[in-house]
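A.B. asks:
There are 2 protein chains.
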Amino acid sequence: MQLSRKADYALRAVAFIAQLEKGTLASIGKIALARDIPREFLAKILKELSRSGILVSFQGVTGGYRLARPPKEVTFLDVIEAMEGPVRVNLCVEGCHCDHEDGCEIRPFFIKQQEQIVKAMKRQNFGSINGMRT
Amino acid sequence: MQLSRKADYALRAVAFIAQLEKGTLASIGKIALARDIPREFLAKILKELSRSGILVSFQGVTGGYRLARPPKEVTFLDVIEAMEGPVRVNLCVEGCHCDHEDGCEIRPFFIKQQEQIVKAMKRQNFGSINGMRT
């Protein structure tokens, strides 16, 4: 039950991009270096974040990436779901996969945990991240 | 970021065993049938739960499994950690794996989520599970 390394890297990359001066673009090399992310893996992640509408990419020598919207309008949930799909803390949260839904002892617990973590991920955005560097 | 199927099955198996009359043993076949768990996978899980001190196994034709301690003394965290090792909602929760600990925007969020989910898993035991059948 752990966030994937891919989603962790995506959060770190977006956090870095979110701190750039308005109008500045971040190159793959710059992000990789600043956040210790393997370059090829990062390139794949940034492409997916662009396809998901979180980043905008600009081609060319002076190209790079910027956020598609203001940092405060990009949440941790947006980035995590772009990498992993819908957050489901247990398989059965979406729908019971066995025949014991009525008397289930497990599902109610995970539905509650799911609600709490999704709420927290939705509340946390890149305009208000803790310890944000200026 | 999802509980493994193995841990989910383990929770369901322990929930079933926790509801047995005191002194009753549950066979692999009975648990597998009652909770729709593939029998071979279940056998592996029950062995690991015994090794972790959560279950006690009895050999022989009339053998089977029972809890090693009262249901209220077995928590969801015990079972999940027996299957997956220590709960870490993100890699960096235990210790920062990059060079940005001082100004990290990501780690504080996951440390908080970690604390909350571990607390909830520790509080939830098999003597007080929701919807418990009698």
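The listed protein sequences correspond, in order, to chains A and B.
Residue numbering for the first sequence follows our numbering, beginning at 8 and increasing consecutively.
Residue numbering for the second sequence follows our numbering, beginning at 8 and increasing consecutively.
The beta carbon of each residue, even a glycine, is placed where N, CA and C say it ideally should be.
Quick check on the DSSP output: the beta strand (DSSP E) that includes residue 64 of chain A runs from which residue to which?
C.D. replies: Within the first sequence, the letter at position 57 stands for residue 64 of chain A. 62-65 is the span of the beta strand (DSSP E), which, as asked, contains residue 64 of chain A.
A.B. asks: By DSSP's criteria, residue 53 of chain B is part of a beta bridge. Which residues make up the other side?
C.D. replies: Counting from one through the second sequence, the residue named residue 53 of chain B turns up at place 46. Residue 53 of chain B is not bridged to any residue.
A.B. asks: Would you call the region 14-32 of chain A and the region 61-70 of chain A touching, i.e. three or more CB-CB distances under 8 Å?
C.D. replies: Verdict: yes, contact present.
A.B. asks: According to the neighbour-count rule (16 or more other Cβ atoms, all chains shown, within 10 Å of its Cβ), is residue 40 of chain B buried or exposed?
C.D. replies: As a working mapping, residue 40 of chain B is identified with position 33 in the second sequence. So residue 40 of chain B counts as exposed.
A.B. asks: Looking at the C-beta of residue 127 of chain A, does it have a partner C-beta in chain B at a distance below 8 Å?
C.D. replies: Position 120 of the first sequence, counted from the start, is the residue given in the question as residue 127 of chain A. Closer than 8 Å to some Cβ of chain B, the Cβ of residue 127 of chain A qualifies, so yes.
A.B. asks: In whole angstroms, what separates the C-alpha of residue 42 of chain A from that of residue 124 of chain A?
C.D. replies: Within the first sequence, numbered from 1, the residue matching residue 42 of chain A stands at position 35. Within the first sequence, numbered from 1, the residue matching residue 124 of chain A stands at position 117. Roughly 25 Å separates the two Cα atoms.
A.B. asks: What is the DSSP secondary structure of residue 71 of chain A, reduced to helix, strand or coil?
C.D. replies: Working through the first sequence from its first residue, we reach residue 71 of chain A at position 64. Residue 71 of chain A: strand per DSSP, three-state reduction.
A.B. asks: Using a Cβ cut-off of 8 Å, pull out every chain A residue sitting near residue 58 of chain B, in sequence order please.
C.D. replies: Translated into positions along the second sequence, residue 58 of chain B becomes position 51. Within chain A, no residue comes near residue 58 of chain B; the closest Cβ sits about 20 Å away, beyond 8 Å.
A.B. asks: Taking Cβ-Cβ distances shorter than 9 Å, what residues in chain E pair up with residue 96 of chain A?
C.D. replies: Given the protein chain composition of this structure (A and B), no chain E is represented.
A.B. asks: Between which residues of its own chain and residue 126 of chain A is the CB-CB distance below 6 Å, once the five residues before and five after are set aside?
C.D. replies: Here residue 126 of chain A corresponds to residue number 119 of the first sequence, with the count starting at 1. Around residue 126 of chain A: no qualifying Cβ.
A.B. asks: What does residue 120 of chain B reach in chain A if we use C-beta pairs closer than 9 Å?
C.D. replies: Along the second sequence, one-based indexing puts residue 120 of chain B at 113. Residues of chain A passing the Cβ test: 123, 124, 127 and 128.
A.B. asks: Chain A partners of residue 105 of chain B, CB-CB under 8 Å?
C.D. replies: Working through the second sequence from its first residue, we reach residue 105 of chain B at position 98. Within chain A, the residues near residue 105 of chain B are 19, 42 and 43.
A.B. asks: For residue 15 of chain A, which residues in chain B fall below 8 Å Cβ to Cβ?
C.D. replies: Stepping through the first sequence from its first residue, residue 15 of chain A is reached at position 8. Within 8 Å Cβ-Cβ: 97, 98, 99 and 113.
A.B. asks: Since residue 91 of chain A meets chain B, which of its residues come closer than 7 Å, beta carbon to beta carbon?
C.D. replies: Position 84 of the first sequence holds residue 91 of chain A. Ordered by position in chain B, the residues that pass the 7 Å Cβ test against residue 91 of chain A are 8.
A.B. asks: With a threshold of 8 Å between beta carbons, is residue 131 of chain B in contact with chain A?
C.D. replies: Residue 131 of chain B sits at position 124 when you count from the first residue of the second sequence. Yes, contact with chain A.
A.B. asks: Can you list the residues of chain B that residue 83 of chain A reaches, using a CB-CB cut of under 7 Å?
C.D. replies: In the first sequence, the residue the question calls residue 83 of chain A occupies position 76. Correct list: 116.
A.B. asks: Residue 37 of chain B to residue 53 of chain B, Cα distance in whole Å?
C.D. replies: Numbered from its first residue, the second sequence carries residue 37 of chain B at position 30. Numbered from its first residue, the second sequence carries residue 53 of chain B at position 46. So the alpha carbons of these two residues sit roughly 13 Å apart.
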